[in-house]
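Asker:
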Amino acid sequence: MRRPLFFILPLALLAACAAGSMPPANPSRVTLLSDTLAVHFFDGSVCSADIRTAPSGRFADCPQGMDYAVVVHHPSIAANTALAPLFEPYATITLDRPADGRHWVWQTPQPGESSDNRSHTSTIHYF
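Just so you know, the sequence shown maps onto residues -27 to -1, 1 to 100 in mature numbering (1 follows the signal peptide of the UniProt record, and there is no 0).
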């Protein structure tokens, strides 16, 4: 009877440690279409903001607690046309997570776009 308890107790302790707080998810990609910034995280969550009304700020109703700033350098090639929602403007997107001081920067659109469904933004640097 003692032997099963000896094996179960360490497993229960490990499970209790694993069930503790999970670190926040990091952003995996960003999209900037029709004045909407969408940040996709590795845990599957997506946070978005209307950059027309607020080009910088904190994502509302976002479980990640992250600040954003978007600097549009110039509009997309299809600006002011019916195709505008399909093209990203040329912009720099900065994400900051104050909780741990991490910082990400993206540029849109990424040079050399391909025809697949991946995001065409590139991470410039992250620290």
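Using N, Cα and C, we set each Cβ at its ideal position, and we do this for glycine too. Predicted model, so just to flag it, every value in this text is computed and none were measured.
In whole angstroms, what separates the C-alpha of V43 from that of F14?
Answerer: In the sequence shown, the residue the question calls residue 43 occupies position 70. In the sequence shown, the residue the question calls residue 14 occupies position 41. So the alpha carbons of these two residues sit roughly 18 Å apart.
Asker: Applying the 10 Å Cβ sphere with the 16-neighbour rule, what's the burial state of M(-6)?
Answerer: Numbered from 1 along the sequence shown, position 22 holds the residue referred to as residue -6. Per the 10 Å Cβ criterion, exposed.
Asker: What is the C-beta distance between V45 and A64, in whole angstroms, given that I count them as a contact (C-beta under 8 Å)?
Answerer: As a working mapping, residue 45 is identified with position 72 in the sequence shown. As a working mapping, residue 64 is identified with position 91 in the sequence shown. The pair is a contact, with the Cβ atoms about 5 Å apart (cut-off 8 Å).
Asker: Give me, in chain order, the residues of the same chain whose beta-carbon lies closer than 6 Å to that of T67; leave out the 5 immediate sequence neighbours on both sides.
Answerer: The residue you call residue 67 lines up with position 94 of the sequence shown. A42 and V78, listed in sequence order.
Asker: Considering Cα atoms alone, identify which of T26, M39 and I50 is closest to N(-2).
Answerer: For the purposes of this step, residue -2 is taken as the residue at position 26 of the sequence shown. Minimum Cα distance to N(-2) is reached at M39.
Asker: With a Cβ-Cβ cutoff of 8 Å, do S7 and P58 count as a contact?
Answerer: Position 34 of the sequence shown, counting from 1, holds the residue named residue 7. Position 85 of the sequence shown, counting from 1, holds the residue named residue 58. Yes; because the gap between Cβ atoms is below 8 Å, this pair is in contact.
Asker: By Cβ distance, which residues of its chain are closer than 6 Å to P(-4), with the 5 residues on each side in sequence left out?
Answerer: Your numbering for residue -4 matches position 24 in the sequence shown. So the qualifying residues of the chain are Q37.
Asker: Report buried or exposed for A(-9), applying the criterion of at least 16 other Cβ atoms within 10 angstroms of its Cβ.
Answerer: Here residue -9 refers to the residue found at position 19 of the sequence shown. Low confidence applies to A(-9): its pLDDT is 48, below 50, so where it sits in the model is not reliable enough to give any reading.
Asker: For L10, count neighbouring Cβ atoms within 10 angstroms of its own Cβ and tell me buried if that reaches 16, exposed if not.
Answerer: Taking the sequence shown and counting its residues from 1, one reaches residue 10 at position 37. Counting Cβ neighbours within 10 Å, L10 comes out buried, since at least 16 surround it.
Asker: Between D16 and chain B, is any beta-carbon pair separated by less than 8 Å?
Answerer: The structure shown contains no chain B; it holds only a single protein chain.
Asker: To test your reading of the DSSP string, which unbroken beta strand (DSSP E) runs of 3 or more residues are found completely within the region 23 to 88?
Answerer: With a minimum length of 3 residues, the continuous beta strand (DSSP E) runs that stay inside the region 23 to 88 are 29 to 31, 40 to 47, 63 to 70 and 75 to 81.
Asker: Can you name, in chain order, every residue of its own chain whose Cβ lies under 6 Å from the Cβ of D69, other than the five neighbours on each side?
Answerer: Taking the sequence shown and counting its residues from 1, the one referred to as residue 69 is at position 96. Contacts found: D40 and H76.
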